[in-house]
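Residue numbers (my numbering), protein chains in the order written: chain A, 681 to 1046; chain B, 1166 to 1450.
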């Protein structure tokens, strides 16, 4: 991984509010990278610092080895697709896209060919003469992308690019963004609060919370191996259990005593010592539901509980199951082979089981 | 807007203001134009019968320099006012709610004192024995014998002073609706602060700019108190001539012909603006 965009110990406060707190990140050339987090986590402030609209209190930002921390936005090799697109209403689509090239005083011929090429890329050639007000939301967004990309930025920033679109269009634009990224090969940095968007758009994601980066990883790793319970809950749903490591076994397996539930065997990813307190995470879809106790074995963790609640989602059904103090979410995918034969009713007893490799030990927060 | 109301009913709402306008504006304007075709009588009134003689009288070439001065002074005042009002409106729309109210108040405060009193204030301020003249001579910024009062520059200065709020207010109304995120976009695309202002903000408040320009220009054209009081003898504007024909010469038809001509000169450009704005609005929707 080459360090193309480097964010080096960057902090930014607004009054007493620490918006971005000592964040360090590196993004590779041509990578699609997401800053993901709830509103107020500092992702937008970080984006505005990369774009040049905010100056960090501390730290440096480098693009391709050049320190851009002190540069005004107009001198940075970075362009932005704004959340509300910020298209110039008094200019046609064509002139909007040409704006950046005109500002850098490129020759007329270069402007013409550059704009036409971009219009083709975002498939808006026939709308070139229209004003932004005459376009649909999806078209406006494609103009915003073209207007930024025509300047051949080294980094393209996209601030909540899909937030203003309706569901169907969002799914379509998701594919479109991936295609555009593949075609131009520019480094894309998305800012989003939507984990689904981040997962399907990016090579890697930085999950941010309260001004700090919780974890930077590929979408698969974030989902399968979250390091903190914040990451685990922000990306997908999760069941958490607090327990004590009672028996360390070989190859990283550990038996954990969970008060009021049992003592499942799980795979731990870090160093653990005996009698250490820890937190366990199991995704709802990793829990199998059966009416009878599953055949017991060393590698199966099984507990019984009572179905408290359920919700049908079409592709799957969600169950809330009570086992003593614990309320556990489980998910059943219906097919002829898996769970097709069981149909637990509210109040009935079911067995939950999961494989040791499907549980995760996450950081115990204070 | 209440879309469910039939348009014919909505039209009724404009009836009071329409009635007001026709009684107090349209009818007097027609009367002024009609008077221009009446002969003047010796008592300063309007005689019986109809005549075209007055129209020939006002084509006197002596009016040409006055007409020219009226237009260039009004035009220049408009340009200066817009140049001063644009940054002011820009800032007013950007500052916080409290500061905005303070600034608005400051813009409107001059209206709390009488127009004539304010002009007299300028007169005494710029008077050869006045404080400003003395101060500037004391600082050697102007020669000893300089006279600040009674020339075209003074008229321009005081015109700009009186008209500036009329330029600021419509521009501020437009700037308040302006999406300042567009300036971020302009900076992001390589425009410096100045070019973001001129290429994005100025076109963004275009409608306010047109309203402000029309407002200031039209008000200037009719001015006669300012050139009379702070201008010199060779700084007469058309308004001064009309006042002179009414009050000194007691020739109402002649004054009417001048006023009617000025009115048409004002209305025609405004008509063009209205049509142009209507066309551009159609283009957007």
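Think of the CB as a built atom: it goes at the ideal place given N, C-alpha and C, for glycine as much as any other residue. All figures in this text were calculated on a predicted structure; none of them were measured in a lab.
{"Check": "Helix, strand or coil at residue 955(A) [DSSP, three-state]", "Outcome": "coil"}
{"Check": "Option in 1444(B), 1429(B), 1438(B), 1440(B) with minimal Cα separation from residue 1198(B)", "Outcome": "1429(B)"}
{"Check": "Distance CB(residue 1042(A))-CB(residue 961(A)) smaller than 8 Å", "Outcome": "yes"}
{"Check": "Within-8 Å CB hit, residue 754(A) to chain B", "Outcome": "yes"}
{"Check": "Backbone CA spacing between residue 904(A) and residue 951(A) [nearest angstrom]", "Outcome": "18 Å"}
{"Check": "Any 3 or more C-beta pairs closer than 8 Å across the stretch 703 to 722 of chain A and the stretch 880 to 890 of chain A", "Outcome": "yes"}
{"Check": "CB contact flag (residue 835(A), residue 781(A), <8 Å)", "Outcome": "no"}
{"Check": "Beta carbon proximity, residue 855(A) to chain B, threshold 8 Å", "Outcome": "no"}
{"Check": "Local Cβ density within 10 Å of residue 1439(B), reported as buried at 16 or more and exposed below that", "Outcome": "exposed"}
{"Check": "Reference residue 1441(B); option with closest CA among 1393(B), 1382(B), 1371(B), 1397(B)", "Outcome": "1371(B)"}
{"Check": "Beta-carbon neighbours of residue 760(A), restricted to chain B and to distances below 7 Å", "Outcome": "1353"}
{"Check": "Outcome for residue 929(A) when other beta-carbon atoms lying within 10 angstroms are tallied against a minimum of 16", "Outcome": "exposed"}
{"Check": "Residues that residue 1349(B) contacts on chain A, provided the C-beta gap is smaller than 9 Å", "Outcome": "728, 731, 733, 753, 760, 762, 766"}
{"Check": "Paired residues, beta bridge with residue 885(A) - DSSP", "Outcome": "714(A), 897(A)"}
{"Check": "Whole-angstrom C-beta distance between residue 1376(B) and residue 1335(B), which should lie under 8 Å", "Outcome": "4 Å"}
{"Check": "Start-to-end residues for the beta strand (DSSP E) that takes in residue 1186(B)", "Outcome": "Residue 1186(B) -> not in any beta strand (DSSP E); alpha helix (DSSP H) instead, spanning 1180 to 1186."}
{"Check": "Where the beta strand (DSSP E) through residue 1031(A) begins and ends", "Outcome": "1029 to 1034"}
{"Check": "Residue closest to residue 770(A), alpha-carbon to alpha-carbon, out of 1365(B), 1325(B), 1342(B)", "Outcome": "1365(B)"}
{"Check": "Short CB-CB distance (under 8 Å) between residue 1365(B) and chain A", "Outcome": "yes"}
{"Check": "Contact set for residue 1341(B): own chain, Cβ-Cβ below 6 Å, skip 5 residues either direction", "Outcome": "1258"}
{"Check": "From 1280(B), 1284(B), 1261(B), 1250(B), residue whose alpha carbon lies closest to that of residue 1272(B)", "Outcome": "1250(B)"}
{"Check": "CB of residue 761(A) within 8 Å of CB of residue 812(A), strictly", "Outcome": "no"}
{"Check": "Beta-carbon gap between residue 759(A) and residue 808(A) smaller than 8 Å", "Outcome": "no"}
{"Check": "CB contact below 8 Å: residue 784(A) versus chain B", "Outcome": "yes"}
{"Check": "Inter-residue Cα distance where the pair is residue 882(A) and residue 995(A)", "Outcome": "25 Å"}
{"Check": "CB contact check: residue 1368(B) to chain A, cutoff 8 Å", "Outcome": "yes"}
{"Check": "Whole-angstrom distance between residue 1181(B) and residue 1188(B), CA atom to CA atom", "Outcome": "11 Å"}
{"Check": "Residue 807(A): contacting residues in chain B (beta-carbon distance under 7 Å)", "Outcome": "By Cβ distance, chain B contributes nothing, its closest Cβ being about 15 Å from residue 807(A), past 7 Å."}
{"Check": "Any C-beta of chain A under 8 Å from that of residue 1263(B)", "Outcome": "no"}
{"Check": "Residue 1262(B) burial status per 10 Å Cβ neighbour count (16 or more: buried)", "Outcome": "exposed"}
{"Check": "Three-pair Cβ contact test at 8 Å for the stretch 1382 to 1392 of chain B versus the stretch 791 to 799 of chain A", "Outcome": "no"}
{"Check": "Contacts around residue 692(A), its chain only, beta-carbon distance under 7 Å, and the 5 residues preceding and following it disregarded", "Outcome": "699, 700, 725, 729, 734, 736, 737"}
{"Check": "C-beta contact flag for residue 1297(B) and residue 1321(B) at 8 Å", "Outcome": "no"}
{"Check": "Beta-carbon spacing of residue 1356(B), residue 766(A) below 8 Å", "Outcome": "no"}
{"Check": "Chain B contact for residue 779(A) (CB, 8 Å cutoff)", "Outcome": "yes"}
{"Check": "Residue 1307(B), DSSP secondary structure in three states", "Outcome": "coil"}
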